[in-house]
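Chains as they are written, first to last, in the numbering used here: chain C, 78 to 620; chain S, 28 to 328. First comes the structure, then the notes that go with it.
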Amino acid sequence: MSAAGLVGLDAAHDNYLTDEKTIGSWLLTTDHKRIALLYFASITAFFFLGGAAAALMRLNLLTPNGLIVDHETYNRLFTMHGVIMVWFFLVPAIPVTLGNFVTPLMIGARDLAFPRINLMSWYLFMAGGIIALVGLFAGGVDTGWTFYTPLSTQYAKGYVTLVCCGIILSGYSSIATGLNFIVTIHKLRAPGMTWYRLPLFLWSLYATSVIYVLATPVLAMAMVLILFERIFRVGVFDPALGGDPLLFQHLFWFYSHPAVYIMILPGFGVVSEVITAFSRKSIFGYRFIAWSSVSIAVISFFVWGHHMFVAGTSLYSSVVFSLLSFIVAVPSAIKVFNWLGTLHKGFIHFNAPMLYALGFIGLFTMGGLTGLFVASLGADVHLHDTYFVVAHFHYIMVGAMVSAFFAGLHYWWPKITGRMYPEVWGQIAAVMIFFGFNLTFFPQFILGYEGMPRRYGSYAPEYQVLNVLSSCGSTILAVAYLLPLTYLTWSLFRGASAPANPWAATGLEWQTQSPPRTENFSSTPVVTDPPYYYPRPEERQHV
Amino acid sequence: MSSARPATRRSRFLALLPGLGLFTGFLVAWLSSTGRERETPPMHVGRTEARRHPQLRTQRRSAVLRLRRGEPGSGGYYGAWAGSTDPQIVRHIEFQYEGMQHQAETALSGMWLFLTTEVVFFGGLFLLYMVYRLRHLDGIAEASRHTELWIGTVNTVLLLTSSAVFSYGVGRIKEGDNRRLFWASVVTVGLGLAFLLLKFYEWWDDLQKNLFPGPGFAITGSHSGSAQLFWSFYFIGTGLHAIHMIIGIGLVAWVAWSARRQRYLAGWFTPVEVVGLYWSFVDMVWLVLFPTIYLVDRVGS
């Protein structure tokens, strides 16, 4: 407990940002709020790096033969885009930043269960990120983010070894974060904060953490096997010795399919918070949303085979994996319908976070429904490895997930920084992201349906019109992503100072000052209300 | 081909040794725990008893509440020490916890969860082994016969004994006995180092016999490919296990150093218990590696 907290200095000036000011106090901090800000800075850098690679790819695809780079460079570009975006932005994004910041606040704790492990996870993440970046920039990797063997082990040129090491390190950073969240949510809840009073964001973070903890080690092992095979020139998956390259794909997708839910589950949580706060209405179907997060986490471990329908696995296993993939749609749909049920007869406010969240619902529905196309065996034979798949997962991972990230960022921005963001600019950016995104990726559904394969730097001339449309859309999207960076930075210095609870929202994080003091609460809060307790006007009169 | 070399008497005897080691371990643990006064918590009513005898339910409920609050004498994890206000103990409680009981439970659950991730980590490797074992029955049996059974067996005994010794140390520190914990940790480190020395010797020996997969591999003929897969698994599995051993030896050495400086108290010994969990896990991994590597085709056929 800091000395300032004990003597009770002026609340507006005594907070976690101003408690200590040296660089050392930031780099060696164990405060979950400061670590969240360290993560914010790093994942923003990774996001724009990965985005730059994507921009170059879209620029190259303006003409059928490739406008700026040759095929080898193009391969390196999409590998760099995939590796950076998946492991250094999407997988950690919401949990390590927003999750790190609000989890202890939401349950009324003073910090996470293991603050030093939290700091360690940031250093692991940075070490992994820097090692991977050195590999990606020094010579690049041309395997794609999936590192399929034997391409990655015997034929690939470039720095596969280095990038794999970086991925293992960032994987252990994820494990440390997930472990911390699970233990914290179990053991550090304030009196009265029962499981069914937990904010839904924490239910989804809990489900995410389960995947972090149970899936990531398998990726680490898959990467260790690749490293062994590359370093010692020994065939672990080498068919010449009787080894099985498909086994690598099984190990890889056993992590990487659940990883897709690592990316989207926290988004579900953020949207549940934002929709109910800006509808001024208790959430519809609390328990259904909570348990659908958990069931998505569970089912996610049993669908990896749908990435391998055309890889030569047995038809019977494919049928089972196809069926299980369809089942994931059930809890996902439960969530969407419950959000719509929450909006119904709510007092809806179209603030920027709400616009982002509404955009999320639209984009996620598109991405989810097209997922059913590729989950059906017959359609997948046609659509596999085409731009249809690219469009499908970008709707989920970029459209939905980044919208949810921005929704949460704007929603908690006053709490994190103590400043309000400019509302109009926030709304403009939200709308621009929605339209820019659709213009970029909707044409890719058509391209894929017409048969344009993915991972090529050139294409047949008849695809040019749609590709140009897509590239135009990506320009709008790039501007729309730069907008929040600009106005949020501006608001850090010039924004109006934020009250403790600008949205009149429920939840313990709004019960403390903005920005919070280092120990979060002046005394341990006691929870007596049900979650999302927004009494309707007629009820309010009786209270 | 599969019956190339029948299991000799010597190798059968060697395969029995780990069982003997396990038995010795239990014996040591049992002997070290009997004859000492166990602190029985007052008023403790178990869950089953409470279910069978309704009149005990209130008693059970209040006992559980007292335990959760960490009241002295409630018989929780730290027994009489749980709700201690002794400044020696209180200074070890970090600011996010309510008390020593709370902190210890949280730390232990974190370690268990970490060990779960480790199980999944090694699980990926064992999956690979299982698939290859099923596909190349004869080849892997042939390759396994080239391993040094005596080294694997002696190592198993060393490791099991080290775990029993460290458990003895954990038991003693619960009574505040830093001296016995120190000696237990020193013996554990010694046994661990002996394991590693034997392992290094075995690797060196394997390399001398050209058993590292690649060009010039010792096993030729139709089983050469599958034998190389087996030896890849061998080097990856024992290598990762050795890395875990080195980390574990470092941790146990740290416990020894702290115990030497009388750092632990009867009311605060969580790090010892956490390190003990990790050390036992390293043990468990070896208990799976040992039969998959050394005993594939030696016993029973």
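Note that the Cβ used here is the ideal one computed from N, Cα and C, for glycine as well.
Burial is judged here by how many other beta carbons sit within 10 angstroms of a residue's own beta carbon; arginine 266 (chain C) has at least 16 and is buried. When the five nearest sequence neighbours on each side are left out, the beta carbons in the same chain lying within less than 6 Å of the beta carbon of alanine 204 (chain C) are those of Leu246, in order along the chain. Neighbours of proline 318 (chain S) in chain C, taken as residues whose beta carbon is under 7 Å from its own, are absent, since the nearest beta carbon is some 20 Å off. Between the beta-carbon of phenylalanine 345 (chain C) and that of isoleucine 425 (chain C) there is about 19 Å, and that puts the pair past the 8 Å contact cut. DSSP links valine 218 (chain C) through a beta bridge to C:Gly235. Among the bridge pairs identified by DSSP, tryptophan 295 (chain S) is matched with S:Leu292. Around histidine 384 (chain C), the same chain offers Gln326, Trp330, Ser333, His334 as residues with beta carbons nearer than 8 Å, after the five sequence neighbours per side are excluded. Near chain C, meaning a CB-to-CB distance below 7 Å, the residues of the segment 224 to 252 of chain S are Pro240, Gly241, Gly252. In the structure shown, the three-state DSSP call for serine 102 (chain C) is helix.
Serine 568 (chain C) carries a helical assignment under DSSP once its states are collapsed to helix, strand and coil.
Taking a C-beta distance under 8 Å as the contact criterion, leucine 154 (chain C) and threonine 589 (chain C) do not qualify as a contact pair. Under the 8 Å criterion on CB atoms, valine 299 (chain S) is classed as non-interfacial with respect to chain C.
Selection C:Tyr273, C:Tyr433, C:Leu302 evaluated against isoleucine 352 (chain C) yields C:Tyr433 as nearest (Cα-Cα). The alpha-carbon separation between lysine 412 (chain C) and tyrosine 564 (chain C) amounts to approximately 32 Å. At least one beta carbon of chain C lies nearer than 8 Å to the beta carbon of serine 136 (chain S). Taken through DSSP and simplified to helix, strand or coil, proline 602 (chain C) comes out as coil.
Per the coordinates, the alpha-carbon of leucine 136 (chain C) lies some 7 Å from the alpha-carbon of serine 548 (chain C). For the segment 233 to 253 of chain C, residues whose beta-carbon sits nearer than 7 Å to a beta-carbon of chain S comprise Ile252. Here proline 45 (chain S) is near threonine 183 (chain S), since their CB atoms are less than 8 Å apart. Less than 8 Å separates the beta-carbon of leucine 176 (chain S) from that of arginine 325 (chain S). Cβ-Cβ distances below 6 Å link tryptophan 490 (chain C) to Tyr498 in the same chain, with the five nearest sequence neighbours on each side left out; the list follows chain order. The straight-line gap separating the alpha-carbon atoms of alanine 292 (chain C) and glycine 212 (chain C) is approximately 25 Å. A straight-line Cα-Cα distance of about 26 Å links tryptophan 210 (chain S) and leucine 142 (chain S).
Two segments are said to touch when three or more pairs of C-beta atoms, one from each, lie closer than 8 Å; by this definition the segment 236 to 253 of chain C does not touch the segment 573 to 590 of chain C.
Cβ neighbours of glycine 143 (chain C) within its own chain (closer than 6 Å, five residues either side excluded): Asn137, Gly534, Ser535. Arginine 594 (chain C) carries a strand assignment under DSSP once its states are collapsed to helix, strand and coil.
The Cβ atoms of alanine 190 (chain C) and lysine 110 (chain C) do not sit closer than 8 Å to each other.
In the same chain as leucine 267 (chain S), and ignoring 5 residues on each side of it, no C-beta atom comes closer than 7 Å to its own. Proline 576 (chain C) sits in coil when the DSSP states are folded into three classes, being neither helix nor strand. With fewer than 16 other Cβ atoms inside 10 Å of its own Cβ, alanine 537 (chain C) counts as exposed. For isoleucine 274 (chain S), the closest C-alpha among the options S:Thr297, S:Leu238, S:Trp306 is that of S:Trp306. Of the candidates C:Pro607, C:Ile100, C:Trp103, C:Leu94, the residue whose Cα lies closest to the Cα of arginine 364 (chain C) is C:Pro607. In the DSSP assignment, tyrosine 159 (chain S) falls within the unbroken alpha helix (DSSP H) covering 127 to 162. In the DSSP assignment, threonine 494 (chain C) forms no beta bridge with any residue. Scanning S:Phe53, S:Leu256, S:Phe308, S:Glu229 for the CA closest to the CA of arginine 162 (chain S) turns up S:Leu256.
Between the alpha carbons of tyrosine 93 (chain C) and glycine 176 (chain C) lies a gap of roughly 17 Å.
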